[in-house]
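A.B. asks: One structure is given below, represented as C-alpha cells, and several questions about it will come after.
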C-alpha cells in the first residue's frame with residue numbers, strides 16, 4: 075500500500091480496513107483499539123500528509139462508541155468466521171466523521 079498510488083477514497087478505505095483487521099486479530103491483552111487507531115492515522119498521514127493529523131479519529135469513534143463496537147461485531151466474533159463483506163458501515167465511519175468536522 076505504501077508504494078501504491080491511491081485515490082482519496084482508497085486511502086480512507088484501506089486505513090479503516092487496517093484498523094478493523096488489526097482489532098479483529100486482537101494480538102494484545104489491552105490496547106488493541108488504541109493501536110488500531112494509531113495504525114489508521116499512520117496510513118492517513120503517510121498518504122495525505124500532515125493535514126491528516128487534524129482528522130479526529132479518536133473523537134469520532136468515541137462520539138459514536140455504540141456504532142463503533144456494533145460495526146466491529148457485525149464482521150463476526152470468531153476469527154475463522156469473520157466476514158469482511160459486512161464491514162461497510164465500519165469503513166464509512168471515518169469518512170462520516172470527517173464530514174461532520176466540517
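Residue numbers (this note's numbering): 75 to 176.
Idealized CB from N, CA, C, for every residue including glycine.
The model shown is predicted, which means the values in this text are computed figures rather than measured ones.
(1) Cβ atoms of residue 95 and residue 107: under 9 Å apart, would you say?
(2) Which of helix, strand or coil does DSSP assign to residue 125?
(3) Using 9 Å as the threshold, is the C-beta distance between residue 171 and residue 121 below it?
(4) With H, G and I counted as helix, E and B as strand and the rest as coil, what does DSSP make of residue 93?
(5) Could you tell me the distance, in whole angstroms, from the CA atom of residue 81 to the CA atom of residue 111?
C.D. replies: By the coordinates alone:
(1) Along the chain shown, one-based indexing puts residue 107 at 33. Along the chain shown, one-based indexing puts residue 95 at 21. Against a cut-off of 9 Å, the Cβ pair of residue 95 and residue 107 comes out as no contact.
(2) Position 51 of the chain shown holds residue 125. Residue 125 falls in the helix class under three-state DSSP.
(3) On the chain shown, position 97 is the one that residue 171 refers to. On the chain shown, position 47 is the one that residue 121 refers to. No, they are not a contact pair.
(4) What you label residue 93 is simply residue 19 of the chain shown in a count that begins at 1. Residue 93: helix per DSSP, three-state reduction.
(5) Numbered from its first residue, the chain shown carries residue 81 at position 7. Numbered from its first residue, the chain shown carries residue 111 at position 37. Approximately 21 Å, taken between the alpha carbons.
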